[in-house]
């Protein structure tokens with residue numbers, strides 16, 4: 001993983017936690033935060049992959 005990806009990946013756990021803590025569905029949270037659902041799920045899957053690679 002290059003440096004730019006590491007920087008971006010560092011903010012993903014907070015984003016996922018914020019969504020989980022919000023009580024909103026993914027669709028609702030993404031709409032409220034101007035994030036495409038596909039981007040959210042991509043980031044979530046990347047986080048899981050990174051966690052498994054450790």
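In UniProt numbering, the protein residues as written are 1 to 54.
Don't be surprised by glycine CBs; every beta carbon is placed ideally from N, CA and C.
Note that the structure is a prediction, hence the values are computed from the model and not measured.
How would you label residue 19, buried or exposed, when you count the other beta carbons within 10 angstroms and need 16 or more for buried? buried
So for residue 77, helix, strand or coil by DSSP? Look at the range of the chain in this structure, 1 to 54, and you will see that residue 77 is not part of it.
Taking 6 Å as the limit between beta carbons, can you name the residues of its chain near residue 43, skipping five residues before and five after? 12
Taking buried to mean at least 16 other C-beta atoms within 10 Å of its own C-beta, is residue 41 buried or exposed? exposed
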